[in-house]
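These notes concern the structure reproduced below.
Protein chains in written order, with the working numbering: chain F, 28 to 516; chain Z, 4 to 446.
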C-alpha cells in the first residue's frame, strides 16, 4: 500500500479522440444500426471517458495502491475470516477450458464443469455432516434467504402453513433478521445469558406451532461455542421447527465438529470465508446451502445431479424455485474446489484448531489492557469491550483508526451490539506467531498512547493516504456520481 | 506437521498453548460436549500438490468443449480486453474486504464511485447502487422496492416477454415475500398493450416490469408506458441489456423509475454463468428505498476529496428486519470489471460493439432465410443482436449436427420449432458463413 493519495477519477483523464480498445474491421457494414427505428434509439449522447490503454492501466494501478488487502498485511476482522487467498486458486479459476463456457450450452460439452460442481457439493456435505448442497446462492446473505425458503417450503409441503415466525438470538448479525423479513417471516428475538450464549429458559416459552425454525451461529458472534446446542435443537425439533446454521463462523469447526452432527437441518457456507475465496472488496462470494436428508428436493433449481457416468442439470417441482439465473458464481466455486483439493483431508482437520489457537493467544496476551467481558476459551474470534482504562476517553473507533497507522487492518468494531465498545478480533489459521506478536505489541502500545497522548490517538490515523472522513456530510447531502460531483465544484 | 498454509512450528504451538494455559489443541475445544466432536478424518480426497492440481483441472477441462457461440438468452459472448483481468488480479483489489475502513480503502471506494457514475450515464438514471449479485436478483429487488414504495399494494405486473430465467427468480422472491405477480400477455413477440392498459387501470398495481430488448431479442416500443404507470401510481421498471444501452433508448428516456439488469454484457466472460454483476439504478427520490451499498463523495479532515460508503441507515446491519433488503455486500470486483471495460471502450467502443453485433446478427438472419429452411418467428420486428426463427426440420438434430460439424452452440431451443439465435462482435463473417453452410447441409 502507498500512503500517498492518488485520488483522481477516470473522467478527469479523458480527452476527446483517445481510445483504449481494438476490434476487427466490420466486413458487414452494409447492415447499419441507423436502419433501426429512430424512436427506439438512444437520444442523449453517451459520455464515457476516452482514454488510451496505458492511461487506464496506470490509473487503476495507482488506485489499487491506496487499498489494503490480505496480501498487504494482517486483517483481524472479526466474523469475516480474512484468510489467505491462495494464488493457485486464481490460476485454476482462469482455466481457458472453463471461462468460455456458456451456461446454457449442450450438457455433453460441459461435463467437466458439472463434475467439479457436483464434487464440491459432495465435499461440502461431508465437511458439514449434511445430505446435499446447492452452490447456486451468490453470497452469505443470499444463502440465508435460500435456506429460509427451504424451511418455508418444507412446512408448506406438509400443509403446515401457520409457521410464519423464526427465532433469532439478540447477538445475531443484522443480516439474519433482514433475510427473514425478505423471506416473509416474522422475527422473534431470544435473549443471551451473561456468558453470551442463548438463554434456554428464555427460549422455551417462545416455542409453539407458529415457529418455522431458529437461526443460530455456532460459535456465536462472540466466538463462544453454544454448548447447549443439543438441547436447543431438540427443543426446536420437538416444537416442529427446523434449525438453521449461519455458516459465518464455520472456520473454527473444521476438523472438530460438523453442524449436521449438532442437530442443524439447514445451513449456508460462505466460500469467501471458510474456503479461502477472495473477498474482492465486497464480492463476488458464494453462499452454498446444505440440508439434511429429507429436505433435498426443496433446494433451488437447477440441481446438478449425477446420472450413471453423466452429470446433468435438473428441475424439480418440489423445489422452492430459483434464486439465481444459472448455477451461482461459478468462478468462485472453482476457487473453493481448488482450495479443498489443495488442503486435503490431512490438513483440513488442522484449520479449526490453529485458527482457535491464534485467537486465544491474542486474547490471553491482551486481556490485561483491554476489557474482556466474557472469559474462558474462545473459538476463532473474541470480543473486547474497548480499552480496560476508560478514563482516557479513547474509544474503540480511535483504537481501530490508530491500528491503521501501524499497518494493520482494524478489527470489526461496534459489533456485536451487546457491548458498547465492541472490538471483535479474528486472526485465522494462516497468521504466524511473529505476526500475532507484532499485533499484540502494537495493541499494547496503543493502550499506552491512550493514556499518554489521548488526543493523538483520537485524531488517528495520521499516516494513511487520507484522514478520517466526514460521514455525516456524505449522508446528509449525498453526492453519488461524477455528474453531481462536477456540479459541486 | 508442516504445511504451506500453516506457519506454526511445533515450538510455536507449545509456546502459544502455554500462554493460553492449555496443554493441547484439543483442550481448546473442551467446552464442546465430547459426543458432538468429530472423532475421525473427513472422507474427502487427500491433499494435492500444485503439479497434481493443475493436472486435475486439465482433466476436468478436457471434459468441456469451447464452442462458437450463437446463443445468448441472458449471457453474451462479448470481447473482454486483456487489461481487465490483469488489473483485477492485483491483490490490493482482490484480497480486500468491504471498504469499511475508508482511510485504507480509497481504491475500492473510488472505483465504485466510477462504476456508479458510468451506470447512471449509461442508463440515464440519477443514481446507481454499488452493484448487486446478478440481473435476476436485481430485478427481484426492484420488484420488492416497488412494493415497499407503494405501501398498501402488493401486486406487480410482469411482461411475458421477459427472459424466463429472470422470471423464475422474480416469481420465487415474490412467492416468499407475499407479492402477487401477474403476467402481461405477449402477442407476436411483444408485450400486449391492451392487456397492460386493462390490468394497470385496476389501480392496485405497485410496479410494472418489462424488458429491453425482450427475450426474443425484439426492441419493443414503450412509448406512453411510463405515463400510464405513473397515472396509476405504479413504478415503471425496465430490465435492460447493459451493453445495448450504448445505442438503444435509455430507461430514463422511456421514463422508467428503476433500471435493472445484468452487466455481464459489458465484457464479463461467460464463465459457465458467473460471477456476473447486477445493476440497479433509480431516481434520487427513491434513493433511500434502494437496496445495496452506495458510495458517496465527501472530504477528509484535511479537506481532500474522498469517497465513503454512505446512506447506511437503510441497511441490514443497522435496520435489521426493517432494512430495505438483506443484501450486505456488492459484486465489487465485477463492478470493477465493467468499470474498466467502459473506461477502455468509451462511447465509441460501446457503439462499435453494438454496430458489429447488429451487422452480424442481421447478416446471419438474412443468410438463414435465404436457405429457405428458416423463417423469422416475428417478422418485421426490430432486433439488435438476438432473434427467434422457425426451423423447418428437427431442431435437436440441427443443434447436434452443428455441435459435431461446426463446433458451434447453435442457439437455444424454445418451444417446438422455434430457435433463439444470437450473434455478437466476436463472430467473424467466415464463421457465420460456415455455420449457415453446415445448417443448410443438415436440414
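All C-beta atoms, glycine included, are put in the ideal place defined by N, C-alpha and C.
| Item | Value |
| --- | --- |
| Strictly below 8 Å CB to CB, what residues from chain F border residue 417/Z? | Near residue 417/Z there are no residues of chain F at all, since even the closest Cβ is about 12 Å away, more than 8 Å. |
| Could you tell me how far apart the beta carbons of residue 397/Z and residue 265/Z are, in whole angstroms, since I believe they sit closer than 8 Å? | Not quite, the Cβ-Cβ distance comes to about 32 Å (not below 8 Å), so this is no contact. |
| Could you check which residue in 502/F, 145/F, 157/F and 196/F has the C-alpha nearest to that of residue 331/F? | 145/F |
| Count the other CB atoms within 10 Å of the CB of residue 383/Z; is the residue buried (16 or more) or exposed (fewer)? | exposed |
| Which residues in the same chain as residue 30/F place their Cβ atom closer than 8 Å to its Cβ, once the five residues preceding and following it in sequence are excluded? | 490, 491 and 492 |
| List, in order along the chain, the chain Z residues whose C-beta lies closer than 8 Å to that of residue 117/F? | 92 and 97 |
| May I have the straight-line CA-CA distance separating residue 108/Z from residue 320/Z, to the nearest angstrom? | 20 Å |
| Are the Cβ atoms of residue 268/Z and residue 81/Z separated by less than 7 Å? | yes |
| Are the CB atoms of residue 357/F and residue 138/F within a distance shorter than 7 Å? | no |
| Return the chain-ordered list of same chain residues with a C-beta closer than 6 Å to the C-beta of residue 437/F, the five sequence neighbours on each side being excluded. | 427 and 430 |
| Could you tell me the distance, in whole angstroms, from the CA atom of residue 319/F to the CA atom of residue 263/F? | 15 Å |
| Could you check whether the Cβ of residue 418/F sits closer than 7 Å to any Cβ belonging to chain Z? | no |
| Mind checking which residues open and close the alpha helix (DSSP H) that includes residue 422/F? | It is not in any alpha helix (DSSP H) - residue 422/F carries neither H nor E in the DSSP assignment. |
| For residue 461/F, does the count of other Cβ atoms within 10 angstroms reach 16, so buried, or fall short, so exposed? | exposed |
| In chain order, what are the residue ranges of uninterrupted beta strand (DSSP E) at least 3 long that sit wholly in the region 236-274 of chain F? | 238-243 and 269-273 |
| Please report how far the alpha carbon of residue 7/Z lies from the alpha carbon of residue 466/F, in whole angstroms. | 22 Å |
| Use the C-beta contact count for residue 66/F: other C-beta atoms within 10 angstroms, 16 or more gives buried, fewer gives exposed. | exposed |
| For residue 412/Z, which beta-bridge partners are listed by DSSP? | 72/Z |
| Between the C-alpha atoms of residue 418/F and residue 473/F, what's the straight-line distance to the nearest angstrom? | 14 Å |
| Using a Cβ cut-off of 7 Å, pull out every chain F residue sitting near residue 50/Z, in sequence order please. | 369, 370, 371, 373 and 374 |
| With contact counted as at least three CB pairs below 8 Å, one residue from each stretch, are the region 365-376 of chain F and the region 40-51 of chain Z in contact? | yes |
| Using CA atoms only, rank isn't needed, just tell me which of 390/F, 45/F and 327/F is closest to residue 450/F. | 390/F |
| Can you list the beta strand (DSSP E) stretches of 3 or more residues lying completely in the region 144-183 of chain F, in chain order? | 159-161 |
| I'd like the list of long-range same chain contacts for residue 151/F, defined as Cβ closer than 7 Å, with 5 residues on each side in sequence excluded. | 160, 296, 315 and 317 |
| Excluding the 5 residues flanking residue 338/Z on each side, which residues of the same chain have their C-beta closer than 8 Å to its C-beta? | 114, 115, 118, 133, 134, 266 and 280 |
| In chain order, which continuous runs of the beta strand (DSSP E) of length 3 or greater are located wholly inside the region 285-325 of chain Z? | 298-302 and 308-312 |
| Step through the CB atoms of chain F and report whether any lies within less than 7 Å of the CB of residue 3/Z. | One cannot answer for residue 3/Z here, as it falls past the ends of chain Z, which runs 4 to 446. |
| Measure from the C-beta of residue 5/Z to each C-beta in chain F and report whether the shortest distance is under 7 Å. | no |
| CB-CB under 7 Å to residue 121/Z, same chain, minus the five flanking residues each way: which ones, in chain order? | 342 and 345 |
| Closer than 8 Å is the cut-off here; do at least three beta carbon pairs connect the region 73-81 of chain F with the region 11-25 of chain Z? | no |
| Would you call residue 495/F buried or exposed, if buried means 16 or more other Cβ atoms sit within 10 Å of its Cβ? | buried |
| So, residue 237/F versus residue 190/F, is the Cβ gap smaller than 7 Å? | yes |
| When you compare each of 248/Z, 106/Z and 111/Z to residue 358/Z by their alpha carbons, which one comes out closest? | 248/Z |
| Exposed or buried, what is residue 433/Z when buried is set at 16 or more other beta-carbons lying within 10 Å of its beta-carbon? | exposed |
| If I measure Cβ to Cβ from residue 457/F and keep anything under 8 Å in the same chain, skipping five residues before and after, which residues do I get? | 110 and 111 |
| Tell me, please, whether the CB atom of residue 363/F is closer than 7 Å to any CB atom in chain Z? | no |
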